[in-house]
Amino acid sequence: MIAHAQFLWLIGGVVGILLIASMTGWFLALRVKSASGRAVVDNLNARVRAWWVMVAVFTIASLLGKFATIIMFALISFFALREFLSLTPTRASDHRALSLAFFILIPVQYYLIGIEWYALFAIFIPVYGFLLLPSLSALNEDPERFLERCAKIQWAIMLTIYCISHVPALLLLDIPGYTGQNALLLFYLLLVVQMSDVLQYVFGKIFGKTPIAPVVSPSKTVEGFVGGVAGATLIGAGMWWITPFTFLQAAGMAFVTILMGFLGGLVLSAVKRSLGAKDWGTMLEGHGGMMDRMDSVSFAAPIFFHLTRYFFAA
Amino acid sequence: MWLSNLLIGLVRIFVGAFPRWVGSTPSYAQRIYFANHSSHIDAVALWSALPPHLRIRTRPVAAADYWNKGIIRKYMALKGLNAIFIERTHIDCSMDPLQPLIEALKRGDSLIFFPEGTRHRQALPGLFKTGLFHLAAYFPDVELIPVYLENLHRCMPKGTIFPVPLVCTVRFGAAFHRIADESKSAFLERARQAIVELA
């Protein structure tokens, strides 16, 4: 199987990048002596270590096939939703709505991907979930801050379940001339989005001077943004050969995906701050929580999915 | 014990129960951990937040009228959690309800104790019953550690039968100091406040 061999080569490439990152981190740890510099290097090394784990999990799930991939993303949704709701001040009377989100919406949404029922996958949460969740909460007769509570739960569900589920949903697209290779498209999306995050971080740390949104997201700078977007768009374009896109199409798709990812990071940073937190959690050492790593993916995935579906799928 | 590990595993998956040693550090010293009480998983959550070598010497105090009823609950409490039962309802005047706790403390065990005596629906603890005051008086050398269980009142509020997954942290405060000749009510209010401060 060509896709399989290609996938292994790609993972080999990622492992190579991680090796370079690990060695750079090890080298910096020897060189940097100042206290503030040390903190940055320690954080960098923690991030790289977490990347090794994330890449390992992703590789194993991808090699095990479609169902393992779907289950992996269901678990990502689970942890992301758990983080999101932990920071959200719900009340005891939201228990039923929260149970619905965790025990019904996550399994059903991913089951629909598994059985390739696209029509219901696309509307299940925005229609059925949207209407049923507040109904369950209202039955508990607790009107205090009702709209606020419902809205926050809805946001959590849209972002952590609905949006993130569009990554494995790429597996159900039927793209002419690309049969059996959709897993590569999934890899491509994650690679482009995460490379953009990484490059924005690197360019920001080296050249960053002008903050874009100092209140909402102090670490985002114009220099980091330009470098990250340009670099990741080039990478995305250069990887056109694993996608159903031409070189120019790949550049365009990568560019849009990266912009959405950037907006996702910005919006979720604002959400996080409005909930009074700096990180979403502590699950991924150096990065913060699951949502700190998935924020840009949650915005990029649905747009990437729908652009691909509209322009390239049968 | 497989049941203990199962309960701890389930609690970890659902609510995390991550320990935060804010004012104290894990120690072999004999201790009474006293915490706010809002759900049935409180005891397991606090218990699983302790390091394993301290966990085996630390016993949760469970209400006999709930946990000593029915084979499954009783088995879970005794075998899974190594719990000590306390009578809340039919008080036999000839016997101090704290007697089983006193015996355990005399043996050198540490305790997990919920001084409110029952679950509350709020994030902050309600009024304390007097048990903690008496135990503190009988055992002046046992450290009293306030513990705040965050978010558990949302995970499994009173009246629900299963938890929803929310990340819960278990915050251990600084050892609570006794003041000589302090009145019972002042002591209990101060102890309650020690938990509130961790919230």
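Sequence order for the protein chains is E and D. Read in order, the letters of the first sequence correspond to residues 1 to 314 in the working numbering. Read in order, the letters of the second sequence correspond to residues 1001 to 1199 in the working numbering. In this text, a Cβ means the ideal position worked out from N, Cα and C, and glycines have one as well.
| Query | Result |
| --- | --- |
| Straight-line gap, Val85 (chain E) to Lys1106 (chain D) (C-alpha atoms, nearest Å) | Strictly speaking, residue 85 (chain E) in this sequence is Leu, with Val absent from that position. C-alpha separation (whole angstroms): 43 Å. |
| Top-ranked residue by Cα proximity to Ala156 (chain E), from E:Phe245, E:Pro126, E:Val215 | E:Pro126 |
| Neighbour flag for Arg82 (chain E) against chain D, beta carbons, 7 Å | yes |
| Pairwise C-alpha distance: Ile76 (chain E) and Ala270 (chain E) | 21 Å |
| Where Glu1182 (chain D) sits in the DSSP three-state scheme | coil |
| Alpha helix (DSSP H) segment containing Arg1171 (chain D), residue limits | Element bounds for Arg1171 (chain D): not the alpha helix (DSSP H) but the beta strand (DSSP E), 1169-1172. |
| Proximity test, Cβ basis, 7 Å: Ala277 (chain E) and chain D | no |
| Assigned secondary structure, Lys220 (chain E) (DSSP; H/G/I helix, E/B strand, else coil) | strand |
| Distance, Leu1127 (chain D) Cα to His1120 (chain D) Cα | 10 Å |
| For Tyr178 (chain E), three-class secondary structure by DSSP | coil |
| Contacting residues, own chain, Cβ-Cβ under 6 Å from Val215 (chain E) (five flanking each side not counted) | none |
| Within 7 Å, strictly: CB atoms of Arg1057 (chain D) and Asn1082 (chain D) | no |
| Under 7 Å between C-beta atoms of Ile113 (chain E) and Pro168 (chain E) | yes |
| Neighbourhood of Met1 (chain E) by C-beta, 6 Å cutoff - its chain only, sequence neighbours within 5 removed | In this prediction, Met1 (chain E) scores a pLDDT of 47, lower than 50, which makes its location untrustworthy; the coordinate-derived value is nonetheless stated afterwards. Around Met1 (chain E): no qualifying Cβ. |
| Whether Gly289 (chain E) touches Trp280 (chain E) by CB criterion (7 Å) | yes |
| Per-residue DSSP class, three states only, for Gly1070 (chain D) | coil |
| Residue-chain proximity (His287 (chain E), chain D), Cβ-Cβ < 7 Å | no |
| Which of helix, strand or coil DSSP assigns to Tyr1033 (chain D) | strand |
| Given 8 Å, three or more beta-carbon pairs between the region 129-142 of chain E and the region 53-61 of chain E | no |
| Presumed contact (8 Å Cβ cut-off) between Phe78 (chain E) and Ile106 (chain E), rounded CB distance | 6 Å |
| Members of the region 1168-1185 of chain D near chain E, C-beta cut-off 7 Å | none |
| Any chain D beta carbon closer than 7 Å to Gly180 (chain E) | no |
| Extent of the continuous beta strand (DSSP E) to which Ser99 (chain E) belongs | Counting along the chain, Ser99 (chain E) falls outside any beta strand (DSSP E), though it belongs to the alpha helix (DSSP H) covering 95-100. |
| Where the beta strand (DSSP E) containing Ala213 (chain E) begins and where it ends | 211-213 |
| Where Gly281 (chain E) meets chain D, residues with beta-carbon distance less than 7 Å | Val1167 |
| Sequence-distant residues of the same chain with beta carbon closer than 7 Å to Thr59 (chain E), five excluded per side | Ile11 |
| C-beta contact flag for Ser1024 (chain D) and Ala1194 (chain D) at 7 Å | no |
| Top-ranked residue by Cα proximity to Val202 (chain E), from E:His306, E:Ser99, E:Val226, E:Ala35 | E:Val226 |
| CB contact below 7 Å: Arg1119 (chain D) versus chain E | no |
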